[in-house]
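Each residue of the sequence shown is one higher than the one before, starting from 0 at the first, in numbering that gives the first Met the number 0. Ideal placement from N, C-alpha and C gives every residue a C-beta, glycine not left out. As the structure is a prediction and not an experimental result, all values here were calculated from the model. Structure first, commentary second.
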Amino acid sequence: MIVFDLQCDQEHSFEGWFEDLKDLQRQIKKGLVSCPVCGSAQVRRVPSSFGIAKASSSIDQEKAAQLLGQSLKRYFVENFEDVGPQFAKEALKIHYGASEARNIRGVSTAEEEKVLKEEGVEFFKVGPEEPAPADSGEEED
Ligand SMILES: [Zn+2]
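As structure tokens, this is what we get:
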């Protein structure tokens, strides 16, 4: 499954999960995708730096998720504050305005992710950490 950023003709932004781009295009064409805010079926895909492929049974998807995870990881490291295991807690705080709105990254359990989803917190998941490269020639003294 891939999550796509979508926008209706009233410029409401939302997300949808689809098998792939073809599936998304087919569903939009059939008018099956509608805006959760105003119900408009005039929906288009908006370009996004976030396209997360969620690993499932297929090996290809898993590989794609890993590759995606690797390039996203660099982006996350540079632009997101690492809150580690406090991720779910912090995401909820930000969601409810109890914490300063900012980009965060970290780790969460499946249980915490369930809570975040239930609370309507937007979050992105990237693949597992890739092993550290064997040759680290740029090591500092
Ligand atoms: Zn709308």
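Closer than 6 Å to some heavy atom of ligand 1: that does not describe the Cβ of residue 41.
The beta carbons of residue 82 and residue 119 sit about 19 Å from each other, so the pair does not count as a contact at 8 Å. Inclusion of residue 2 and residue 14 in the CB contact set at 7 Å is warranted, their separation being smaller than that value. Contact check for residue 122 against residue 90 passes: the beta carbons are separated by less than 7 Å. When the five nearest sequence neighbours on each side are left out, the beta carbons in the same chain lying within less than 7 Å of the beta carbon of residue 102 are those of 78, 79 and 80, in order along the chain. In the displayed model, residue 8 falls within coil according to three-state DSSP, outside both helix and strand.
Rounded to whole angstroms, residue 76 and residue 70 show a C-alpha spacing of 10 Å. Residue 20 and residue 35 have their C-alpha atoms spaced approximately 20 Å apart. Cα atoms of residue 112 and residue 25: separation of roughly 29 Å, rounded to the nearest angstrom.
In terms of Cα proximity to residue 99, the closest of 73, 88 and 117 is 88. Within 6 Å of the C-beta of residue 9 there is at least one heavy atom belonging to ligand 1.
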